[in-house]
Amino acid sequence: MLMTKERRPAIRTLRGWAISVLQEAGAIHECEEHGWAKDRTDPHARERALELARHDHPDGVSPDDAVAEIRAVLDSVGDTCPECPPSD
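Once you know that position 16 of the sequence shown is 15 in numbering that gives the first Met the number 0, the rest is easy, because the numbers rise by one and skip nothing.
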C-alpha cells in the first residue's frame, strides 16, 4: 500500500503559515464566539510548534526566520478574546 505524508493546506503568507503551525501544535485556538486567536499558554505545545518551524519550514524560508515568525505570532496573541466580556 502506498503511504503519503499528509500535506498542510497551501498558505499565502508566512504569518498564515505560523498561525497554522501553532494551531496544529495546540499552542493557540480560536475563540468559539468571535474567532480571535487565543494562546493556550501550554509550554509543550509552544515547543512542538517551534520544532515544526525548525524542521518543516516553508520553501525559501530559513529555519531561523520560521522560528522568528512563530515567536512573533505568539507575542501578538493574548490568552483572552478582546470581544468577550471579562470573567470575574
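Each residue gets a CB set at the ideal place from its N, CA and C atoms; glycine is no exception.
In this structure, DSSP gives residue 28 an extended state, which the three-state scheme calls strand.
CA-to-CA, the gap between residue 64 and residue 80 works out to about 28 Å.
Per DSSP, the continuous beta strand (DSSP E) segment holding residue 38 begins and ends at 36-38. Between the alpha carbons of residue 69 and residue 22 lies a distance of about 11 Å. Taken through DSSP and simplified to helix, strand or coil, residue 50 comes out as helix.
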